[in-house]
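Protein chains in written order, with this note's numbering: chain A, 1099 to 1235; chain B, 1379 to 1493. Shown next, in structure tokens, is the structure this report addresses.
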Amino acid sequence: MQSSLIGIVLLLCLISTTAGAAAQSWRALTPAQREALAPLVQQWDTLPEKQRDRLLATAKHYPRMTPEQKQRYHERLPTWSKLPPEQREAARKNYRALEKMPPDKREQVKQRAKQEQEIKDRQSASGVTATPSSSQQ
Amino acid sequence: MITELDPNKIAQLLTQSTRQIDAATLSALAGARRNALTRQSVHSPVFALTTGRWMLSLIPHSTQQWAATGLLAAMLVIGSGYWQHAKEQQISDLDVAILTDELPIETLLSDSHRT
């Protein structure tokens, strides 16, 4: 009785520790997952397991995204996947802070970001290097 | 009628009675005494230190105690797994929002939005 109980507890511990470790190779992905994560085809198998799990979790939302969101998602995936974990965590923290802002303040931030992006795009089109503050880390 | 009994007299009577008991009964009584002493020694504390006794008291003895310990451990494992899953779900939702929002990622990597 005692040994069987210990066995059950150990089994539960094993299940809980392996539950999150479901990372798959690119070949093992479903067609829907491959479509969502297409920009990462080259580096997918080199990404850490935890990062792959998290990206797979985001890929579940892909079918419900608007065409505009899908485009942004695809454009940002390579940049996002190359960021160090600390920077991704910082971005999450900043996004949470942004969500807590009053709508008008949030809108101001978005407008300013949009303007900065436009300036950057114009600069890159004319061959001028973007300012270091607005460049990606 | 209640008479006052002398403890010494009682002891004397008991000693005399013991001498009258047959060998088989005496042997059975001796065996029972040995069994009782063996059982007592099992329950007596092994550790002389207080910490040893305390540690011993933490180890479940009965099946019910083992079952309760197992149930508690299982609840802890399941609860921890559920909490971890909920945390990962939150991160995933946040990542989707960051990757699809009209706000560029670069803005979130700088401190400009705080001003």
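Glycine is no exception: its CB is placed at the ideal position from the N, C-alpha and C atoms. Since the structure is predicted, the reported quantities are computational estimates derived from the model, not experimental observations.
Distance cutoff 8 angstroms, beta carbons only. Does residue i sit that close to anything in chain B?
i	result
residue 1142(A)	no
residue 1175(A)	yes
residue 1152(A)	yes
residue 1119(A)	Bear in mind that a pLDDT of 48 at residue 1119(A), under 50, signals an unreliable position, so the number given afterwards is only what the model happens to contain. No, because no Cβ of chain B sits closer than 8 angstroms to the Cβ of residue 1119(A).
residue 1213(A)	no
residue 1185(A)	yes
residue 1223(A)	no
residue 1208(A)	yes
Going along chain B in order, which residues have a C-beta closer than 8 angstroms to the C-beta of residue i?
i	result
residue 1156(A)	1470, 1473, 1474 and 1477
residue 1170(A)	1477, 1478, 1479 and 1480
residue 1220(A)	Near residue 1220(A) there are no residues of chain B at all, since even the closest Cβ is about 15 angstroms away, more than 8 angstroms.
Please list the terminal residues of the continuous alpha helix (DSSP H) segment that includes residue i.
i	result
residue 1463(B)	1441-1478
residue 1223(A)	1201-1224
residue 1177(A)	1165-1180
residue 1483(B)	1483-1487
residue 1125(A)	Where residue 1125(A) is concerned, there is no enclosing alpha helix (DSSP H), given that its DSSP letter is neither H nor E.
residue 1132(A)	1129-1134
residue 1388(B)	1385-1398
residue 1194(A)	1183-1197
residue 1147(A)	1147-1157
With a cut-off of 8 angstroms on the beta carbons, I'd call residue i and residue j a contact; round off their distance for me.
i	j	result
residue 1152(A)	residue 1469(B)	6 angstroms
residue 1487(B)	residue 1189(A)	6 angstroms
residue 1163(A)	residue 1478(B)	6 angstroms
residue 1208(A)	residue 1481(B)	6 angstroms
Looking only at its own chain, which residues have a Cβ that is under 7 angstroms from the Cβ of residue i, when we skip the five neighbours before and after it?
i	result
residue 1483(B)	1476
residue 1124(A)	1139, 1142 and 1143
residue 1183(A)	none
residue 1131(A)	1154 and 1157
Report the neighbours of residue i on chain E: residues whose CB is nearer than 8 angstroms to its CB, in chain order.
i	result
residue 1416(B)	Note that chain E does not occur in the displayed structure, where the protein chains are A and B.
Report all residues from its chain with a CB closer than 6 angstroms to the CB of residue i; omit the five preceding and five following residues, and keep chain order.
i	result
residue 1224(A)	none
residue 1407(B)	none
residue 1134(A)	1157 and 1160
residue 1217(A)	none
residue 1447(B)	1438
Quick one: list the residues of chain A neighbouring residue i, beta-carbon separation under 9 angstroms, in chain order.
i	result
residue 1494(B)	Outside the displayed range of chain B (1379 to 1493) lies residue 1494(B), so it cannot be described from this structure.
List, in order along the chain, the chain B residues whose C-beta lies closer than 9 angstroms to that of residue i?
i	result
residue 1190(A)	1469, 1472, 1473, 1476 and 1486
residue 1178(A)	1473, 1476, 1477 and 1483
Identify, in the order they occur along the chain, each residue of the same chain with its Cβ nearer than 8 angstroms to the Cβ of residue i, setting aside the five sequence neighbours on each side.
i	result
residue 1179(A)	1138, 1141, 1145, 1149 and 1153
residue 1458(B)	none
residue 1391(B)	none
For residue i, verify whether its CB is less than 7 angstroms away from any heavy atom of the ligand MG.
i	result
residue 1190(A)	Absent from the structure shown: the ligand MG. Ligands present: none.
Shorter than 8 angstroms from the beta carbon of residue i to some beta carbon of chain A?
i	result
residue 1388(B)	no
residue 1382(B)	no
residue 1399(B)	no
Name the chain B residues whose beta carbon is nearer than 7 angstroms to that of residue i?
i	result
residue 1167(A)	1478
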